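Following: one structure in structure tokens, then a few remarks.
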Amino acid sequence: MELKPCITCGKMIQSDGTEMCCSCYSKWKETLPEENAALRTRIVELEHQLENHKASADGTTHWCAECKMRDDHIAELERSAVVWHKYPDEKPERPMCKTLPRPVDWKIMLIAERTHDNSMVYVKHATYYWDRDGTGFFEYQVSEGTTTHWAYLPEPPREEG
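No gaps in the numbering here: position 27 of the sequence shown is 28 in the numbering used here, and each next residue is one more.
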């Protein structure tokens, strides 16, 4: 057996694998139930958190209701965001009419135009039309050379209830 200091008080002890002197070990043994109780309490807290976590439709795990509300709000903002498309590289797709079984003939959208001297870009609404053969074009007010981007109008807000 070798002499080693007690890991708690530093008193030299003959160690046969033990790390504490008898008096420190006795004190530690007395506090063990308190430490175990604290650990049990923490385990219960973690199990409660695990039981109450929510998984959203996209598979994202939410550990609290506030996180889920935040993520749902972000998703709603992303759905309602205006998405700009480069014109004329990308052209609007012809949608189907919601009330009749045929494609629509026109759609109002947002366009971004630059001034002839390129000093500024402004946004306005314009109508995009489709011919019988499906060829699309903007209304006459839109200048093909200055229109840089277009975007679908976002869905209007809906009243809840």
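Ideal placement from N, C-alpha and C gives every residue a C-beta, glycine not left out.
A quick note: this is a predicted structure, and the numbers were derived from the prediction, not measured.
- Scanning the region 63 to 106 from its first residue to its last, the whole alpha helix (DSSP H) runs of 4-plus residues come out as 66 to 81.
- Leu51 and Asp132 have their C-alpha atoms some 58 Å from each other.
- Proximity to Trp107 across Thr128, Gly18 and Ile75 peaks at Thr128, based on C-alpha coordinates.
- Comparing alpha-carbon positions, the option among Cys25, Thr136 and Glu3 lying closest to Ser16 turns out to be Glu3.
- Ala127 has Met110 as its beta-bridge partners, per DSSP.
- An exposed status is given to Glu31, since fewer than 16 other beta-carbon atoms sit within 10 Å of its beta-carbon.
- Relative to Leu111, the option among Arg159, Arg71 and Val83 whose CA is nearest is Val83.
- For Lys5, the enclosing beta strand (DSSP E) begins and ends at Glu3 to Pro6.
- In this structure, Ser27 sits away from Cys10, with a CB-CB distance that is not shorter than 9 Å.
- Membership of His150 in the beta strand (DSSP E) is indicated by the continuous run Thr148 to Tyr153.
- Beta-bridge partners of Val122 (DSSP): Arg115.
- Taking C-alpha positions only, Pro89 is separated from Asp72 by approximately 35 Å.
- Minimum Cα-Cα distance from Arg115 among the listed residues Thr147, Trp85 and Thr136 corresponds to Thr147.
- Across the structure, His86 and Phe139 are spaced so that their CA atoms are roughly 14 Å apart.
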